[in-house]
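What follows is one structure encoded as structure tokens, with my remarks underneath.
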Amino acid sequence: MLSLRVIDARTKHVMALCSLTQETRLIHARHVAFLEMRKR
Numbered sequence: 020m021l022s023l024r025v026i027d028a029r030t031k032h033v034m035a036l037c038s039l040t041q042e043t044r045l046i047h048a049r050h051v052a053f054l055e056m057r058k059r
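Per my numbering, the very first residue in the sequence shown carries number 20; after that it's consecutive.
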């Protein structure tokens, strides 16, 4: 069985990755919206 410390570290890593992807999506969405505005 894995130690709690290892599980905790993995959980934090996964949570960090999730928040990172959310931020990236927001930045990407803003960038796309900006490009769409420039086209018009």
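Every residue gets a Cβ at the ideal spot worked out from N, C-alpha and C, and that includes glycine.
When only Cα atoms are considered, MET34 and ALA28 end up about 10 Å apart. Taken atom to atom, the span from the alpha-carbon of LEU23 to that of THR30 is near 10 Å. Taken atom to atom, the span from the alpha-carbon of THR40 to that of VAL51 is near 16 Å. If you look at LEU39, you'll find it in the alpha helix (DSSP H) that goes 23-58.
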